[in-house]
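>
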Amino acid sequence: MFTSAPADIDVDYSLLARQITSILEGERNQTANAAQFSAFIYQSLADLNWAGFYWTVPAKKGDAEELLVGPFQGKVACARISFGKGVCGTAAAERRTIVVPDVHAFAGHIACDSASNAEIVIPVIKDGRVLGVFDIDSPSLNRFRPEDQLGLESLVAIFVAATDFT
Ligand code: SME
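The sequence shown runs 59 to 224 under the numbering used here.
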C-alpha cells in the first residue's frame, strides 16, 4: 500500500481548465458531461483510484434528500449516501469542499474501495442549490494539497457552467 503521494502529482490546472472547456463545448447534457468530466479527471491526475459524481435526489424514505451515485471511474461504489454522512454527505450538508488527508482518521468515512487512503469532495452548487458532489479518492495519504483543492474547484465550476441539470 502507498503511504505518501509520489513525486509526479504536479499538474497544470490552467491547462486542464482549457482542455475540459474544449471537451464539454457544444454539449450540455448532464449525464454526458458528468461522464466525460469523470473520465478526464481520472486520466489527467496521477495516483487516483476513484473519481465521480453523486447527485442530490429525494430520499427513498422520508422527505429528506440523499446522494445517489452518478457517472464515475473506479470500482463499484455505495449507491446512496445520506446528507451529513461520510465525506460526501458532509460536503453536501456543509456546502463546502472537504479534504481528508487520511480517511481512516475521518469519523464516519464510508469505505467503498479499500485501496482509498485520502479523499477530496467538492460540492456541485448551482444557483445556491447543492445538486450533488464530485468525489475523488487516492491510495496515497495526504494526496490532495491546497493547490489541488483550488484547481479542482475551478474545474468543477467549469463543469457546472457548461451543463444543464435535469
Ligand atoms: N468515501 C465516501 C463514499 C464514496 S466512495 O469513496 C466512492 C464517503 O465517505 O462519503
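We put the CB at the ideal spot given by N, CA and C, even for glycine.
Since we're looking at a predicted model, the values are computed, not measured.
For Gln217 and Leu208, what's the separation of their Cα atoms in angstroms?
Rather than Gln, the amino acid found at residue 217 in this sequence is Phe. Distance between the alpha carbons of Phe217 and Leu208 is about 15 Å.
> Just the C-alpha distance for Leu213 and Gly120, rounded to the nearest angstrom, thanks.
The alpha-carbon atoms of Leu213 and Gly120 are separated by roughly 34 Å.
> Could you check if Ala169 is buried or exposed, using at least 16 other CB atoms within 10 Å of its CB as the buried criterion?
Exposed is the call here.
> Provide the residue span of the alpha helix (DSSP H) that contains Leu73, from first to last.
Taken as a continuous stretch (DSSP letters only), the alpha helix (DSSP H) holding Leu73 covers Tyr71 to Leu82.
> Report buried or exposed for Ser72, applying the criterion of at least 16 other Cβ atoms within 10 angstroms of its Cβ.
Its Cβ having fewer than 16 others within 10 Å, Ser72 is exposed.
> DSSP state of Ile216, grouped into three classes?
Helix at Ile216.
> Which residue from Thr224, Gln88 and Ala75 puts its Cα closest to that of Leu210?
Cα-wise, what sits closest to Leu210 is Ala75.
> Using 10 angstroms around the beta-carbon of Pro197, count the other beta-carbons present and answer buried if the total reaches 16, otherwise exposed.
Pro197 should be labelled buried.
> Going by the C-beta, is Asp121 closer than 6 Å to any heavy atom of the ligand GDP?
Ligands displayed in this structure: the ligand SME; the ligand GDP is not among them.
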